[in-house]
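Accompanying notes for the structure given below.
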Amino acid sequence: MKKEFRKKVIADRKKLNSESLLENSSIITENLLSLDCIKEAKNIMLYLDFNNEVKTDELINELITLRKIVSSPITLKEERVLIPSQITDLQNGIKIGAYGIREPKQDDSLEVDVKDLDVVIVPAVAYDKNCYRLGYGGGFYDRFLNRLRDDAITIGIAFDLQIFDYIPKEDHDAQLDYIITETQILTPNK
Ligand SMILES: Nc1ncnc2c1ncn2[C@@H]1O[C@H](COP(=O)(O)OP(=O)(O)O)[C@@H](O)[C@H]1O
Ligand SMILES: [Mg+2]
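Okay, so the sequence shown: first residue is 23 according to this note's numbering, each after it adds one.
Right, dumping it as structure tokens:
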């Protein structure tokens, strides 16, 4: 059920042309930067995009300029663990890591304590309108988000084509505090 659904959404996202990818990623970046929780946050982890995910390079540079502590995950594949590692230089501090995803070079990065994170911005395959997340099938973020401070804020950024009334989900699947797209900001029904 999850597997088929993932395949279909990833294929649809693959069809986005590079112009709309860039344009919608910029709009999503602006929407995100307008949130009070981002303005107030000191310590933010976000992903480095791959395969037509919402692009984050511009956002990372903007957050560094705003003097936030910015980190991205280093993926430990065997252990199924994400290690937040600080990024100070997006040009030179990045290498290709597990699954072909860019990640901070260990030598150039400092590990960030999970409990210090104020906001975490995650990638996904799809979301439902109640902010439940479907990932790529490794459960990495489901495990990772469980370790955050209770008051840490979790945000999904995605294109409209990734938002559905219903997605297949299980008890361990994470529900986020916000989903931001190029046209909407979703929060869970209380
Ligand atoms: N918090 C957790 N603790 C232990 N195992 C987990 C946890 N969350 C997910 N898993 C396991 O990880 C695997 C992948 O989870 P799934 O939710 O399907 O992936 P994804 O969230 O990447 O779409 C499942 O076998 C699931 O049981
Ligand atoms: Mg999951």
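Quick reminder that beta carbons are idealized off the backbone N, C-alpha and C, glycines included.
* Whole angstroms is fine: what's the gap from L167's alpha carbon to K37's? => 30 Å
* Determine the closest residue to G119 out of K151, T97, D193 and D130, with distance taken between C-alpha atoms. => T97
* Rounded C-alpha distance that separates G159 from K25 -> 8 Å
* Test item, CB below 6 Å from any non-hydrogen atom of ligand 2 -> G157, G161, D164 and D195
* Going by alpha carbons, who is nearest to C153 out of D138, A180, C59 and A174? -> A180
* To do: Compare the beta carbon distance of L85 and Q108 with 8 Å and say whether it is the shorter of the two.
  => no
* To do: Determine the direct distance from the alpha carbon of L54 to that of Y188, and round the result to whole angstroms.
  => 24 Å
* Going by beta carbon distance, what residues of the same chain come within less than 6 Å of E80, once the five residues before and after it are set aside? -> T51
* Quick one: is F162 buried, meaning 16 or more other Cβ sit within 10 Å of its Cβ, or exposed? -> buried
* **Secondary structure of G161, DSSP reduced to three states** => coil
* To do: Return yes when at least one heavy atom of ligand 1 lies under 7 Å from the C-beta of E192, else no.
  => yes
* To do: If I'm right that E125 touches S94 with Cβ under 8 Å, what's the distance once you round it to whole angstroms?
  => 6 Å
* **Length at least 3, wholly inside the region 107-174: the beta strand (DSSP E) runs in chain order** => 116-118, 124-126, 141-144 and 148-150
* C-alpha gap between E45 and Y69, whole angstroms -> 19 Å
* Asked: Is the beta carbon of S159 within less than 7 Å of some heavy atom of ligand 1?
  -> Note on identity: in this sequence residue 159 is Gly, with Ser being the wrong assignment. G159 Cβ: within cutoff of ligand 1.
* **Cβ-based burial, D129 [other Cβ within 10 Å; buried from 16]** => exposed
* Asked: With a cut-off of 8 Å, does the C-beta of L38 fall near any C-beta of chain B?
  -> In the structure shown, chain B does not exist; there is a single protein chain.
* Asked: Looking at the unbroken beta strand (DSSP E) that takes in R94, where does it start and where does it end?
  -> For the record, residue 94 in the displayed sequence is Ser; it is not Arg. Element bounds for S94: I91 to L98.
* Let me know the secondary structure DSSP gives T51 once reduced to three states. => helix
* Is N168 near ligand 1, in the sense that its beta carbon is under 7 Å from a heavy atom of that ligand? -> yes
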